[in-house]
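Peer 1: Going down the list, the sequences are from chains A and B.
Residues are numbered in my numbering as their position in the first sequence, beginning at 1, plus a constant of 1125.
Residues are numbered in my numbering as their position in the second sequence, beginning at 1, plus a constant of 133.
Ideal placement from N, C-alpha and C gives every residue a C-beta, glycine not left out.
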Amino acid sequence: RRSFSSKKPAFVFNSAAEYYKYLNEHHSRLPWGFSVGSTTFKFVPQEAPHLPSKMTLTLIKPHKPTLLFGAVFTQNACPGAPIKVGRKRLSEDTLGAIIVNNKISNVCANGGGVSDAQEVCDAVAHHLDLRGSQILPSSTGVIGWRLPVDPIINALPSLVESLQDESILPAASGIMTTDLYPKIRSVDVCGGRIVGIAKGAGMIEPNMA
Amino acid sequence: TMLSYILTDLSVPRETLRQLLAEVVEETYNAMSVDTDESTSDTLAIVSSDQIPFDMSQLEQFRAALYEVCSGLCEDIVRNGEGAHHVMRVKVKGAESHAQAKGIGKSIVNSPLLKCAVAGNDPNVGRLVMAVGKYMGKHHKGVNVSETMTISMGGLRIFEFGEFTLNGDVEKELVAHMKKAQLTETTRGGVDHTSRDYPPHDQMVEIEVDLGLGTASAQVLGIDLTHEYVAINADYRS
């Protein structure tokens, strides 16, 4: 187990290869009943056509829609569209998947961020034989830009194709923005397993409720 | 922005899962700060695939495991904080309430002057007292905490009952403690730690405050404020 204390011997990584080996051996195994996938595609932001960009989509999916889910969200008074949609999802009976994009946060974008997020959810649901209301959207990245909905939808077949049941590492890497490395922690407990991933390097003082 | 997703195969009931999540988030994700800025998009979701029956008598074990996962991820986030050379862990105890303990911890890790002192390995611990007093003056007027509190850094007592307990030797030890927790260009074979693609920091700057007012406690994580943080964010373009 990785320790991080001034009082105990610390687990020190001396290279990225060593760190990834550690993640693969100790933390990346998915709990039973989940699939994870990711795909990257190029797009041209309409707000900055001179800056062709890459976006990564990450899909996290229980094998069957589940009643057992929860979430907390920022209390920032100018929340992104996925936050508004996500809060509504908490009252749904079941959750079927989580779709995450990096690069653009879909916050206060021209043209209707909520409808863009919903359109992406509907398209993901179509590929997974679910309802759009069973999809939780998440976005992170530039504030103020509009989600490139069509390129995202075009990338969904590749995303679904990438689903696998072994490792959460593609998701931990796929959600990164300015992060330098993926973050995964896990614990085996009560005959089962908990695995978590996170991203974030700046604009960090969460106050979620 | 902070995004996090927690997956489990244990069939923990929905309301229990949500209650536990709220409790653990308050002690972990809501108790860290890289740069004092709350994102418009912070999200943490927890999902169970409902595969393995869960015995409610094991709730405390599950809670402890969830805490371990979440607190570990928070450590990873602050270690990756933009421009971070030092990570700080502030433990506040002897508070009248958890909110007071956490508020003081946040006041310390969010103080620009204290963050800069840590960045420079400067034993300017007067800034620590300032950060405690600033919070108390705003939120608990009339409590003269300087008469009741003690402060330690790196296990060294530096303030107690209204007076600093510093001398040249203690200051040298404080500097040594901060340097031990610092990343530099010359450690680990001269690697540029600001762009390293694996976790740095195997040690933290440890600060402990005992307010001597009550029994509540909290732990908060933060980082120093460096030239690199300013460079990264001043040079950042959409």
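#1: Please determine if the segment 1278-1287 of chain A and the segment 1304-1321 of chain A are in contact, where contact requires at least 3 C-beta pairs separated by less than 8 Å.
#2: Please name the residue, chosen from B:307, B:140 and B:273, that lies closest to residue 1191 (chain A) on a Cα-to-Cα basis.
#3: Of all Cβ atoms in chain C, is any one closer than 7 Å to the Cβ of residue 1301 (chain A)?
#4: Taking only beta carbons into account, state which residues of the segment 228-247 of chain B come closer than 7 Å to chain A, listed in chain order.
#5: Tell me whether residue 150 (chain B) sits in a helix, a strand or coil according to DSSP, three-state version.
#6: Could you check the C-alpha separation between residue 389 (chain B) and residue 342 (chain B) for me, to the nearest Å?
#7: Say whether the segment 1137-1157 of chain A touches the segment 181-193 of chain B, bearing in mind that this needs 3 or more beta-carbon pairs closer than 8 Å, one atom from each stretch.
#8: Look at the alpha carbon of residue 323 (chain B) and the alpha carbon of residue 316 (chain B), and state the distance between them as a whole number of angstroms.
#9: Is it right to say residue 162 (chain B) is buried, meaning 16 or more other beta carbons lie within 10 angstroms of its own, or is it exposed?
#10: Note down, in chain order, every chain A residue with its Cβ under 7 Å from the Cβ of residue 172 (chain B).
#11: Is any beta-carbon of chain B found at less than 7 Å from that of residue 1121 (chain A)?
#12: Can you grab the Cα-Cα spacing for the pair residue 113 (chain B) / residue 246 (chain B), in whole Å?
#13: Just list the beta strand (DSSP E) runs in the segment 1254-1280 of chain A, keeping only unbroken ones of 3 residues or longer that don't cross its boundaries, in chain order.
#14: State the Cα-Cα distance for the pair residue 1161 (chain A) and residue 1221 (chain A), rounded to the nearest angstrom.
#15: Return the Cβ separation of residue 353 (chain B) and residue 223 (chain B) in integer angstroms, given the expectation that the two are a contact with Cβ distance under 8 Å.
#16: Considering Cα atoms alone, identify which of A:1217, A:1272, A:1262 and A:1251 is closest to residue 1238 (chain A).
#17: Please list the partners that residue 154 (chain B) has in chain A, where partner means a Cβ-to-Cβ separation under 9 Å.
#18: What separation, rounded to the nearest whole angstrom, lies between the Cα atoms of residue 1132 (chain A) and residue 314 (chain B)?
Peer 2: Looking at the coordinates:
#1: With a cut-off of 8 Å, the segment 1304-1321 of chain A and the segment 1278-1287 of chain A do not count as touching, because too few Cβ pairs lie within range.
#2: Counting from 1 along the first sequence, the entry for residue 1191 (chain A) is found at position 66. That would be B:140, whose Cα lies nearest to the Cα of residue 1191 (chain A).
#3: Of the protein chains in the structure, A and B, none is chain C.
#4: Cβ contacts with chain A: none found.
#5: Sequence index remark: in the second sequence, residue 150 (chain B) carries index 17 (1-based). DSSP places residue 150 (chain B) in helix when its eight states are reduced to three.
#6: The first residue shown for chain B is 134 and the last is 371, placing residue 389 (chain B) beyond what the model contains.
#7: Contact between the segment 1137-1157 of chain A and the segment 181-193 of chain B is present, because at least three Cβ pairs lie under 8 Å.
#8: Counted from its first residue, the second sequence places residue 323 (chain B) at position 190. Counted from its first residue, the second sequence places residue 316 (chain B) at position 183. Low local confidence applies: a pLDDT of 45 at residue 323 (chain B) is under 50, so the model's placement there is unreliable, and no value is given.
#9: In the second sequence, counting from the first residue as 1, residue 162 (chain B) sits at position 29. Buried, since its Cβ has 16 or more Cβ neighbours within 10 Å.
#10: As a first step, residue 172 (chain B) must be located in the second sequence, where it is residue number 39. Those are 1199, 1201 and 1328, listed as they occur along chain A.
#11: With chain A represented from 1126 up to 1334, any question about residue 1121 (chain A) goes unanswered, as that position is not in the structure.
#12: Because chain B in this structure spans residues 134 to 371, residue 113 (chain B) falls outside the shown range and cannot be described.
#13: The segment 1254-1280 of chain A contains these whole beta strand (DSSP E) runs: 1260-1264.
#14: The residue labelled residue 1161 (chain A) in the question sits at position 36 within the first sequence. The residue labelled residue 1221 (chain A) in the question sits at position 96 within the first sequence. In a straight line, the C-alpha of residue 1161 (chain A) is about 12 Å away from that of residue 1221 (chain A).
#15: Start at 1 with the first residue of the second sequence, and residue 353 (chain B) comes out as number 220. Start at 1 with the first residue of the second sequence, and residue 223 (chain B) comes out as number 90. Contact annotation, residue 353 (chain B) with residue 223 (chain B): C-beta distance approximately 5 Å; criterion of less than 8 Å satisfied.
#16: Here residue 1238 (chain A) refers to the residue found at position 113 when the first sequence is read from its first residue. Nearest option by C-alpha distance: A:1272.
#17: In the second sequence, the residue the question calls residue 154 (chain B) occupies position 21. By Cβ distance, chain A contributes 1195, 1196 and 1197.
#18: What you label residue 1132 (chain A) is simply residue 7 of the first sequence in a count that begins at 1. What you label residue 314 (chain B) is simply residue 181 of the second sequence in a count that begins at 1. With a pLDDT of only 40 at residue 1132 (chain A), under 50, the local geometry of the prediction cannot be trusted, and the value read off the model is given with reservation. Distance between the alpha carbons of residue 1132 (chain A) and residue 314 (chain B) is about 12 Å.
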